[in-house]
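Reviewing the structure listed below.
Put into structure tokens, the structure is as follows:
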């Protein structure tokens with residue numbers, strides 16, 4: 021009897037005792053397990069009964085180990101550097117910290133003896149095992165400080181003293197040094213290959229953190245030692261024609277280069293921090309083809325509304341959303357659609373991101389006195405049919421745009437507001453009279469970008485009812501036929517689970533009723549309610565539609581769209 025009482029409890033028993041699943045659900049899962057030959061935890065996940073965290077906590081309880089929630093614990097950088105990224109990826113483990121010569125190691129599968137042996141052999145340390153969830157492992161893995169062998173070799177060739185404050189003469193010699201040149205080139209080329217939109221180079225106390233923004237999220241790609249920071253930054257500043265002697269003030273520059281037969285434009289920005297200058301490079305790929313209207317992410321109803329706005333001969337169409345929501349890309353898509361030999365199209369932009377054949381594009385130059393307002397005022401003497409203003413930032417630009425719209429021009433521009441109805445309040449707050457807004461505004465397009473699930477590895481599952489309820493989809497929570505998917509992660513998507521982004525839209529057409537509400541200074545809520553009555557899909561509804569179509573996950577929509585709780 022004593023032996024039976026000391027018997028290690030099975031995973032299913034632990035989950036039932038914890039109240040996470042019922043005995044009936046366990047029986048159903050075990051029946052499926054016999055057919056699929058999968059581990060019980062995988063089966064429960066596929067059934068949507070338990071989460072990754074539930075499984076990990078149950079495994080920890082089953083084995084008498086500590087569970088570490090990676091949502092609340094940040095691994096020590098020194099610990100992460102104890103094991104190379106390829107070992108962490110292969111064995112699904114994350115070094116979390118060290119104390120008294122021991123290494124605290126988070127493992128998805130703490131019974132993997134081979135992984136433990138390799139970790140001990142590689143670090144030469146005693147291992148203290150804790151359990152981590154698989155989704156937490158994937159998230160931290162994408163932030164892993166990595167240095168592959170080729171990068172290590174380049175760094176070893178860069179001859180600088182870690183304790184030395186590099187003078188200008190030394191820096192000028194270093195920036196043309198072959199290993200420094202190669203390292204900076206690798207950082208840029210690798211960013212392009214991974215479809216990054218931005219490169220961040222951030223000095224820290226002992227290391228330099230290099231991160232790429234891919235599909236809207238930042239990922240650590242390497243963490244070279246701090247003593248090469250000055251050489252890297254100076255090389256980039258020389259390429260961008262910036263002053264390498266000025267390290268105390270922010271600077272802006274531009275790099276134009278050809279990489280793998282592509283014309284690349286890098287917008288470079290530096291700011292001084294306590295550990296040195298931080299550099300951010302925005303990547304603009306001139307050879308990148310414009311997204312067609314068919315591919316921006318418009319569902320049938322929204323596409324009809326979208327195209328109806330573009331048939332209007334005059335008036336203002338505004339695109340709204342936060343920075344990085346794809347407004348500029350949508351503007352270019354519209355311009356490409358409207359571009360013809362019969363139309364004179366002029367744009368004023370900051371910066372000109374893509375060059376469009378047959379369209380006159382003007383770059384803002386504040387130092388020379390060319391602002392959005394000045395450019396727009398001059399355009400009216402150029403006999404335009406369509407005018408695109410990169411952004412309406414002030415009352416002067418707004419007034420000129422409205423004047424242009426009311427004198428027979430189609431004006432396209434952007435504003436920073438949360439939703440379509442909010443654009444009206446924003447214009448009124450700028451000082452524009454409501455009757456002018458109602459007379460000139462023909463439509464507002466609010467948008468966000470959501471990540472697209474990787475087609476190679478996404479898995480169907482049943483999300484918790486509360487997730488769908490938060491999305492405003494309570495009626496669908498009990499529908500077992502919903503083809504809802506979640507991210508998994510594979511080699512094709514760099515273990516992220518998502519690859520690429522698509523738009524979700526809220527398109528408000530300003531008809532007579534809405535124009536009347538604008539003139540009466542109605543609230544945002546009243547205007548939005550009227551638009552919804554007329555068939556407008558909200559951002560949340562469009563996001564939910566893309567969840568049901570298997571394009572994205574419910575969690576991604578909740579993260580991106582502001583949902584009123």
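Numbering (my numbering), first residue to last: 21 to 585. Backbone N, C-alpha and C define an ideal beta-carbon position, used for all residues, glycine too. Source: prediction; values computed, not measured.
| message | Need the endpoints of the alpha helix (DSSP H) that residue 345 sits in, please. | response | Within the chain shown, numbered from 1, the residue matching residue 345 stands at position 325. First-last for residue 345: undefined, no H or E at that position.
| field | Local conformation of residue 141 per DSSP, three classes | value | On the chain shown, residue 141 is found 121 positions in, with the first residue counted as 1. Three-state result, residue 141: helix.
| said: Let's test the definition: count the other Cβ atoms within 10 Å of the Cβ of residue 57 and tell me whether it reaches 16, buried, or not, exposed. | reply: For the purposes of this step, residue 57 is identified with residue 37 of the chain shown, where counting begins at 1. Exposed is the call here.
| Burial state of residue 574, where buried means 16 or more other Cβ atoms lie within 10 Å | For the purposes of this step, residue 574 is taken as the residue at position 554 of the chain shown. It counts as buried.
| query | Per DSSP, what kind of secondary structure is residue 321 in: helix, strand or coil? | reply | Here residue 321 corresponds to residue number 301 of the chain shown, with the count starting at 1. Note: residue 321 maps to helix in three-state DSSP.
| query | So, helix, strand or coil for residue 494, using DSSP? | reply | Residue mapping note: residue 494 aligns to position 474 of the chain shown, counting from 1. Residue confidence for residue 494 is low, a pLDDT of 45 falling below 50, so the modelled location carries little weight; the figure read from the coordinates is stated next. Correct three-state label for residue 494: helix.
| Should residue 76 be labelled buried (16 or more other beta-carbon atoms within 10 Å of its own) or exposed? | Indexing the chain shown from 1 puts residue 76 at position 56. By the Cβ-count criterion, residue 76 is buried, with 16 or more other Cβ atoms from all chains shown falling within 10 Å of its own Cβ.
| query | Can you list, in chain order, the stretches of the beta strand (DSSP E) that have 3 or more residues and sit fully within the region 424-477? | reply | The region 424-477 contains these whole beta strand (DSSP E) runs: 430-435, 461-473.
| query | At which residues does the beta strand (DSSP E) containing residue 525 begin and terminate? | reply | As a working mapping, residue 525 is identified with position 505 in the chain shown. It spans 518-529 - the beta strand (DSSP E) in which residue 525 sits, taken as one unbroken run.
| said: Alpha carbons only, please: which of 487, 547, 581 is nearest the one belonging to residue 470? | reply: Taking the chain shown and counting its residues from 1, one reaches residue 470 at position 450. Out of 487, 547, 581, 581 has the C-alpha closest to the C-alpha of residue 470.
| Between the Cα of residue 277 and the Cα atoms of 259, 142, 385, which residue gives the shortest distance? | The sequence position of residue 277 within the chain shown is 257, counting from 1. Among 259, 142, 385, the Cα nearest to that of residue 277 is on 259.
| request: May I ask you to report which of helix, strand or coil DSSP gives residue 17? | output: In this structure the chain extends from 21 to 585, so residue 17 is not present and cannot be described.
| Which stretch, first to last residue, makes up the alpha helix (DSSP H) that contains residue 156? | Here the question's residue 156 lines up with position 136 in the chain shown. In this chain, the alpha helix (DSSP H) harbouring residue 156 covers 154-161.
| Does the beta-carbon of residue 449 have 16 or more other beta-carbons within 10 angstroms, so that it is buried, or is it exposed? | The count along the chain shown starts at 1 and reaches residue 449 at position 429. So residue 449 ends up on the exposed side.
| Are residue 400 and residue 423 closer than 9 Å when you measure CB to CB? | Translated into positions along the chain shown, residue 400 becomes position 380. Translated into positions along the chain shown, residue 423 becomes position 403. Contact flag set, yes.
| field | Segment contact flag, the region 145-156 with the region 78-93, C-beta cutoff 8 Å, min 3 pairs | value | With a cut-off of 8 Å, the region 78-93 and the region 145-156 count as touching, because enough Cβ pairs lie within range.
| For residue 479, which residues does DSSP report across the bridge? | For this step, residue 479 is matched to residue 459 along the chain shown. As a beta-bridge residue in DSSP terms, residue 479 pairs with 506.
| Extent of the continuous beta strand (DSSP E) run through residue 406 | Against the chain shown, residue 406 aligns to sequence position 386. Per DSSP, the continuous beta strand (DSSP E) segment holding residue 406 begins and ends at 406-409.
| field | Opposing strand residues paired with residue 119 [DSSP bridges] | value | Translated into positions along the chain shown, residue 119 becomes position 99. For residue 119, which the question treats as bridged, DSSP gives the partners 122.
| said: Taking 9 Å as the threshold (beta carbon to beta carbon), is residue 215 in contact with chain B? | reply: Chain labels in this structure do not include chain B; a single protein chain is all it has.
| From residue 564 to residue 396, what distance separates their C-alpha atoms? | Sequence index remark: in the chain shown, residue 564 carries index 544 (1-based). Sequence index remark: in the chain shown, residue 396 carries index 376 (1-based). Their Cα atoms are separated by approximately 39 Å.
| task | Alpha carbon to alpha carbon, how far is residue 447 from residue 335? Give it in angstroms, no decimals. | result | By one-based count along the chain shown, residue 335 stands at place 315. By one-based count along the chain shown, residue 447 stands at place 427. When the Cα atoms are used, residue 335 and residue 447 turn out to be separated by approximately 15 Å.
| message | Checking the sheet assignment: what are the DSSP bridge partners for residue 532? | response | Translated into positions along the chain shown, residue 532 becomes position 512. DSSP output for residue 532 lists no bridge partner at all.
| field | DSSP state of residue 70 mapped onto helix, strand, coil | value | Residue numbering aside, residue 70 sits at position 50 when the chain shown is read from its first letter. Coil at residue 70, not helix or strand.
| task | Just the C-alpha distance for residue 483 and residue 559, rounded to the nearest angstrom, thanks. | result | Here residue 483 refers to the residue found at position 463 when the chain shown is read from its first residue. Here residue 559 refers to the residue found at position 539 when the chain shown is read from its first residue. C-alpha separation (whole angstroms): 20 Å.
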